[in-house]
Amino acid sequence: MSAKEEIIIECKQCIGHCGALVTVDNGKAVKIRGDKNHPASKGTMCKRGLASLEFIYHPDRLKKPLKRTGERGEGKWAEISWDEAFGIAGSAFNRIKEQYGPLSVLMAHGSAKGPIDTYLVRLANAFGTPNVVCSDHDCHVPKILASEYTFGYFPMPMIFDRPACIISWGAARTEQIPFMRNDLVRMIGKGTKFIVIDPMPTRLTGKESMWLRIKPGTDLPLALGMLNVIIGEDLYDHGFVEKWTTGFDRVKKHVDPYTPGKVEAMTWVRLTRLLKRPGCTRLQSRTHRLGQCGRPDYKQLSNITRYFHTNGYYREPGGPRGRAGSAGLLLQGQQRPSLKHNTWQVVS
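Last residue of the sequence shown: 349 (the working numbering), numbering continuous.
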């Protein structure tokens, strides 16, 4: 008689961690589907998550270590035991360490998916190298640093709290994490304005959004142009600036040359069109950034975060709630950006 059961899990194929239900038949997973009771994903799963069982049961999946027996490129391999594999790897590590020193070794892993990151860091610490890198250094870490060095911490805005406007700045979240598209569509249906700043179209660059097709590599002048208008037209939160910031006069001087006309020529974005968007930049304090990803630049993100926090949006619906993450744990072997890049620093 078949012993079937359904187990509640979270998918670990990406950082979305969608809720899933796995049907297990006599100890073997035979089906996976979205969990409608999960508070975030609500039953949504992407193709990658739905194909999870193929990662486990695919006939070509490597389950034992392989050792090359022929020349490179010949495709000749033989299975060996785990003990032999660990011995070969350990000997190579020690040989390199003795000859060149532990700092000559760099360790790398993929996108963060849980404790696996900690395991590699522990190995690196035991070996004696601080050189651990991952995709976060081209994605999440600059975003954290720009926030922490600009105003002291990394905020996580709550898009479920119906902000007046959401700006998706170079972040294909709807393609990466499908359930976020459902949340965004729901917010748009309730009246939230949506702006996409991206050279490439996304699933939400349609009738329900304003798409600013920016020239690649010109995010920084666009952010400076936004600051120019917000400061020039006295649209910023005076109370927040006076109480929590230093160097604001230097920022005003720095952004002064970035007039709408100059920025439009540099970025291909009609800044005046953005500024006339009803309910968005005229209500900056309720504008929420969805995020920036894909080889972001620290100084660009620093100015983008200044744009949002000049307006005190942390106090409004959709604003950040608490802190999330620490860049320190992710900066193994990396030098922190110089504070000289910040002309406007917030004191806590």
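Beta carbons: idealized from backbone N, C-alpha and C, even for Gly. A quick note: this is a predicted structure, and the numbers were derived from the prediction, not measured.
- Looking only at M188, R49 and N27, the smallest Cα-Cα distance to R34 is reached by R49.
- In summary, K144 is buried, with 16 or more beta-carbon neighbours lying within 10 Å of its beta-carbon over all protein chains present.
- Around the beta carbon of L63, a 10 Å sphere encloses fewer than 16 other beta carbons of the protein chains shown; the residue is thus reported as exposed.
- The Cβ-Cβ distance between G226 and P261 falls below 8 Å.
- For T268, the enclosing alpha helix (DSSP H) begins and ends at P261 to T268.
- Contact between L228 and V252 holds: their C-beta atoms lie close to 7 Å from each other, under 8 Å.
- K68 has its alpha-carbon roughly 13 Å from the corresponding atom of E75.
- If you draw a 10 Å sphere on the C-beta of L124, you find fewer than 16 other C-beta atoms in it, and that means exposed.
- Of the residues I231, V23, L213 and H110, the one whose Cα lies closest to the Cα of I57 is V23.
- Distance between I97 and F249, taken at the CA atoms: about 51 Å.
- In this structure, V134 lies away from L104, with their beta-carbon atoms at least 8 Å apart.
- Taking 8 Å as the cut-off, the beta carbon of K194 is found closer than this to the beta carbon of C166.
- Classified as exposed, D235 has fewer than 16 neighbouring CB atoms from the shown chains inside 10 Å of its CB.
- Secondary structure at K5: strand, using DSSP grouped into helix, strand and coil.
- For L67, the enclosing beta strand (DSSP E) starts and ends at L67 to R69.
- If you compare the alpha carbons of D162, D139 and I10 with that of M188, the shortest gap goes to D162.
- Between the alpha carbons of E80 and F87 lies a distance of about 13 Å.
- By the Cβ-count criterion, M201 is exposed, with fewer than 16 other Cβ atoms from all chains shown falling within 10 Å of its own Cβ.
- In this structure, E176 places its C-beta atom within 8 Å of the C-beta atom of R204.
- Contact annotation, S42 with Q14: C-beta distance approximately 12 Å; criterion of less than 8 Å not satisfied.
- Apart from sequence neighbours up to five positions away, no residue of its chain approaches N95 with a beta-carbon distance below 8 Å.
- Only residues of its own chain outside the window of five on either side were considered, and among them I215, K216, T219, P222 and L223 have a CB closer than 7 Å to the CB of T268, listed in chain order.
- Apart from sequence neighbours up to five positions away, the residues of its chain that approach I196 with a beta-carbon distance below 6 Å are I168 and M211, ordered along the chain.
- Between G17 and D36, the gap from beta carbon to beta carbon reaches 8 Å or more.
- S136 has its alpha-carbon roughly 20 Å from the corresponding atom of N126.
- The Cβ neighbour count for W78, taken over all protein chains shown within 10 Å, is under 16; the residue is labelled exposed.
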